[in-house]
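Worksheet: one structure, shown below.
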């Protein structure tokens, strides 16, 4: 498998295994030794970091178009690698991204300026992609998404084959999508969008915190499993499904599928009246809900299912769940909060102050949905650090360390 503990339909991607070791030696956005240069290199490659600190993307998206890539953020010296003022786009197959932080933010632009960044997203051509143990906050579009072309081909089978597929989002911190910021539509605090016809997607072990909605959203015909996630302080919606009829004119509706098991939703200061799962729009969905816990701020149960549509659609309850994706050991919902708090986000052994604050607020029932990164201290600006990458310290097949990594003091 890609690394010990890899899960889902993408679990056996080789990523960049066996390829060149490319060393990031500068925090400059491009040029010799840069991260941009490394991801643009052709052929299998493993990107390691000999610098720690912040890479300012300068209002750009970096696009991954070459396949067979492993981004090993765990190799960076403390404080790790954070990308700000932009985002990453995966438009290739067999890509593994681990232990990085992406914080787009408003990037100094005016409200509703149309500067819309996902922290990380996949697009058409992406398959066998794992985003694991990353911290994705302050996006002005979605924090973490699987996007695609809605109708490429002549049939539903072709639409699904050409969409992003075989995607795993595991153990990430997906938080504080900015509400009234630079998105052209206005309010846009969103966790994860799983676009129309994206399939074989696994969302497991993540912390969603302070996102108004899309925690996550599956759109028309999307199919996947949402397992053992902790959703804290959603605004209007937590899990939801929505096929938008206007976007499907001239096409027959596809039936989506969402399996949600062992998830925990806790209301917070920004939470409105909601149910764990909401269905809207115009398309049918096959649904399996099991052992999900949803409570208000006093610990009282919230509804498991609701709808925000009057269209004659069906939410068909499956009698039996599909098999669990590869590598998943499903936890009971009673164990999920502690497991996610201990494990989610980039470099759990070396969390930065942003992640530590979000986790502390989740534990203690604090925090809220925000409009700007400046409301919570602004972009991180740690001093740059340097450390030579030593191949002998790592299992180069999995990029797991062969000796313990230096730990930061735990949360108090």
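In the working numbering, the protein residues as written are 355 to 766. Cβ atoms here follow ideal geometry from the backbone N, Cα and C, with glycine treated the same way. In this text the structure is predicted, and so the values were computed from the model without any measurement.
With residue i and residue j assumed to form a contact (beta carbons below 8 angstroms), what rounded beta-carbon distance in angstroms separates them?
i           : j           : result
residue 651 : residue 719 : 7 angstroms
residue 446 : residue 423 : 7 angstroms
residue 499 : residue 547 : 4 angstroms
residue 357 : residue 752 : 4 angstroms
residue 640 : residue 611 : 4 angstroms
residue 529 : residue 460 : Not a contact, Cβ separation roughly 16 angstroms.
How big is the Cα-Cα spacing for residue i and residue j?
i           : j           : result
residue 768 : residue 513 : Not covered by the structure: residue 768. The range shown for the chain is 355 to 766.
residue 740 : residue 406 : 6 angstroms
residue 703 : residue 760 : 7 angstroms
residue 451 : residue 393 : 11 angstroms
residue 709 : residue 490 : 10 angstroms
residue 783 : residue 494 : Summary: the structure shown does not reach residue 783, with the chain confined to residues 355 through 766, and so no result is reported for it.
residue 717 : residue 692 : 9 angstroms
residue 707 : residue 508 : 49 angstroms
residue 429 : residue 634 : 43 angstroms
residue 455 : residue 638 : 36 angstroms
residue 591 : residue 690 : 20 angstroms
residue 554 : residue 520 : 5 angstroms
residue 743 : residue 414 : 28 angstroms
residue 385 : residue 403 : 15 angstroms
residue 463 : residue 729 : 15 angstroms
residue 603 : residue 754 : 48 angstroms
residue 747 : residue 433 : 19 angstroms
residue 677 : residue 745 : 38 angstroms
residue 372 : residue 391 : 19 angstroms
residue 379 : residue 396 : 19 angstroms
residue 688 : residue 654 : 15 angstroms
residue 420 : residue 478 : 13 angstroms
residue 369 : residue 663 : 41 angstroms
residue 669 : residue 427 : 40 angstroms
What residues in its chain sit with their C-beta under 6 angstroms from that of residue i, if we drop five residues either side in the sequence?
i           : result
residue 444 : 418, 476, 480, 483
residue 366 : 355
residue 621 : 650, 651
residue 374 : 399
residue 518 : 476, 480, 500, 502, 552
residue 561 : 527, 584, 694, 698
residue 648 : 619, 630, 656
residue 488 : 454, 526, 700
residue 665 : 636
residue 506 : 516
residue 712 : 529, 563
residue 569 : 545, 562, 585, 588, 592
residue 401 : 376, 392, 425
Starting from the C-beta of residue i, find all residues in its chain whose C-beta is less than 7 angstroms away, skip the five residues before and the five after it, and write them out in chain order.
i           : result
residue 410 : 383, 438, 439
residue 361 : 522, 524, 556, 558, 679, 680, 681, 682
residue 715 : 721
residue 756 : 747, 748, 749
residue 605 : 505
residue 471 : 415, 440, 441, 458, 493, 494, 495
Let me make sure I understand the geometry here. Which of the options has the alpha-carbon closest to that of residue i?
i           : options            : result
residue 564 : 465, 753, 625      : 625
residue 442 : 425, 608, 429, 434 : 425
residue 435 : 396, 754, 735      : 735
residue 623 : 677, 378, 587      : 587
residue 658 : 644, 664, 412, 408 : 644
residue 636 : 646, 673, 654, 572 : 572
residue 674 : 727, 395, 749, 642 : 642
residue 671 : 613, 745, 733, 569 : 613
residue 492 : 544, 401, 486      : 544
residue 497 : 369, 473, 485      : 473
residue 511 : 433, 607, 749      : 607
residue 364 : 401, 416, 448, 430 : 448
residue 466 : 396, 386, 758, 726 : 726
residue 589 : 376, 723, 402      : 723
residue 732 : 421, 713, 457      : 457
residue 609 : 667, 687, 646      : 667
residue 686 : 705, 646, 432      : 646
residue 359 : 663, 380, 485      : 485
residue 738 : 653, 376, 408      : 408
residue 661 : 593, 369, 762, 380 : 593
residue 381 : 756, 431, 750      : 431
residue 376 : 387, 368, 705      : 387
Can you give me the Cβ contacts of residue i inside the same chain, cut-off strictly under 8 angstroms, excluding the 5 residues immediately before and after it?
i           : result
residue 601 : 504, 550, 574
residue 762 : 432, 703, 704, 705
Chain C beta carbons: is any one of them nearer than 8 angstroms to that of residue i?
i           : result
residue 696 : Structure shown: chain C not included; a single protein chain is present.
Using 8 angstroms as the cut-off, can you tell me whether the region 695-702 makes contact with the region 622-633, which would need three or more C-beta pairs spanning the two stretches below that distance?
no
Do the region 595-615 and the region 533-542 meet, that is, are 3 or more Cβ pairs less than 8 angstroms apart?
no
Pairs of beta-carbons, one from the region 579-593 and one from the region 605-624, closer than 8 angstroms: are there three or more?
yes
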